[in-house]
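Here's the structure we're looking at; comments come further down.
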Amino acid sequence: MDATVESRSPGSRTAGDDDILYPGTTPERLSSFNWEIGGSFMRTRLSTVLAGLLGLAGALAVAAPPAQAAQRSSTATVADRLILEPTDRGYRGSLQVDLTYRGATPGRATYVITEPIPGAYQNAEWGINCYSSGELLPDDRTKVECNVPGGLLAPGEQRTFTIDFQVLTTVQPYAMKARNGEVAVKVGGTVVADEEFATRFRSTTGSLANPQPYVRDTQPDVAVTVAGDLEMVRQPSGWFKGRLPVTVRYHSDAPHQWVSIVGRNLPPTFDWPWSPECGHECAPGGPLMEGEARTFDLHFSASPDTPLGDLGEAGVEVAVWELRQYPDANPADNVATFSVTVTEAA
Numbered sequence: 001m002d003a004t005v006e007s008r009s010p011g012s013r014t015a016g017d018d019d020i021l022y023p024g025t026t027p028e029r030l031s032s033f034n035w036e037i038g039g040s041f042m043r044t045r046l047s048t049v050l051a052g053l054l055g056l057a058g059a060l061a062v063a064a065p066p067a068q069a070a071q072r073s074s075t076a077t078v079a080d081r082l083i084l085e086p087t088d089r090g091y092r093g094s095l096q097v098d099l100t101y102r103g104a105t106p107g108r109a110t111y112v113i114t115e116p117i118p119g120a121y122q123n124a125e126w127g128i129n130c131y132s133s134g135e136l137l138p139d140d141r142t143k144v145e146c147n148v149p150g151g152l153l154a155p156g157e158q159r160t161f162t163i164d165f166q167v168l169t170t171v172q173p174y175a176m177k178a179r180n181g182e183v184a185v186k187v188g189g190t191v192v193a194d195e196e197f198a199t200r201f202r203s204t205t206g207s208l209a210n211p212q213p214y215v216r217d218t219q220p221d222v223a224v225t226v227a228g229d230l231e232m233v234r235q236p237s238g239w240f241k242g243r244l245p246v247t248v249r250y251h252s253d254a255p256h257q258w259v260s261i262v263g264r265n266l267p268p269t270f271d272w273p274w275s276p277e278c279g280h281e282c283a284p285g286g287p288l289m290e291g292e293a294r295t296f297d298l299h300f301s302a303s304p305d306t307p308l309g310d311l312g313e314a315g316v317e318v319a320v321w322e323l324r325q326y327p328d329a330n331p332a333d334n335v336a337t338f339s340v341t342v343t344e345a346a
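The following block contains the structure:
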């Protein structure tokens, strides 16, 4: 039987070659099938790779440590009103501040007070609790930064403190009001609260209703008088000593730090006058309130070579000291004179 020979064009495939032709499969369909298989394989491989990458990213996200929650800041609240109560020495009042400290380690806090009335702030300890004498504002009020009392704050500690005020003016049967003050609280140098507060003077009848504006004096008015003359007596040491009763009066409510008192026209062998309570050149007891009179002994000493007898007239002069100086309203009564006599011991 003759064998039949099938001619093929180059590139054509027949059964018996590397591929198996299934029933109904033609070379053209086989070629299309192979491309489909190849494309599907590539798509399957790409999908597998992408799924693997997504799975790896998810695994990394699960394995990563959770982000730390943001640390809460420290907080403070300031009372919204200062009530100045009438007393036997002007008005006094306190402003409450509540502080919550959320630092991770012990720390300090400060407050910056802008007083509502010149000279009213009372907590100042210059150079100790407060960083300086403060800033003197154009209206004579003081703004100063001070440490929160109580020392270091523990993490999570809640601390309440007060800021104290005094106004040395005559108490009134009607309520009064002054301008607002301001308190800023700082923790680690960061301001955590900055609040204004109203200021009210309670009347002597207990009322806060219908307040009238408080108007203070701007000029001081201090006066001095002496009782008798100065007699200096020689002591066993050879020095001469004497005492002179002095009364200082204040007729103003202008703020001041203290009252100074100095000698005038004393003999050249005399030292500066002084008081045991205050030392040289100051009246004891601190600032005076409006209408207050204060009497004390002023001490004098003189060297052994001081001549005996009547040494003529000398005097003492008073003035108030404040950060911003104003002239006295009545300078004529700022000086009191007396005669000086020096004697041997009796």
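In UniProt numbering, the protein residues as written are 1 to 346.
Beta carbons: idealized from backbone N, C-alpha and C, even for Gly.
Start and end residues, beta strand (DSSP E) containing residue i
i	result
GLY119	Note, GLY119: premise wrong, no beta strand (DSSP E); not H, not E.
GLU231	230-234
LEU129	Inspection of the sequence shows that residue 129 is occupied by Asn rather than by Leu. From DSSP, ASN129 is part of no beta strand (DSSP E); its letter is neither H nor E.
THR87	81-87
Reduced DSSP category for residue i - H, G, I as helix; E, B as strand; rest coil
i	result
PRO268	coil
ALA332	helix
GLU317	strand
THR105	coil
ARG72	coil
PRO327	coil
THR77	strand
GLN172	coil
VAL148	coil
THR190	strand
GLN219	coil
ARG159	strand
Beta-ladder partner(s) of residue i, from DSSP
i	result
GLU182	THR114 and GLU196
TRP274	HIS280 and HIS299
GLY242	PHE300
SER260	ALA319
LEU136	THR142
PRO213	LYS177
GLY309	VAL342
SER237	Paired residue(s): none; SER237 is not in a bridge.
ASP164	SER94
ALA293	ARG249
THR225	THR247
Cβ-Cβ separation, residue j to residue i (assumed contact under 8 angstroms), whole Å
i	j	result
ALA319	SER260	5 angstroms
THR306	THR269	4 angstroms
residue 397	ASP253	Given that the chain is displayed from residue 1 to residue 346, the structure contains no residue 397 and the question cannot be resolved.
SER94	THR162	4 angstroms
VAL183	PHE197	7 angstroms
GLU317	ASN330	Their Cβ separation, rounded to whole angstroms, is 13 angstroms, which puts GLU317 and ASN330 out of contact at 8 angstroms.
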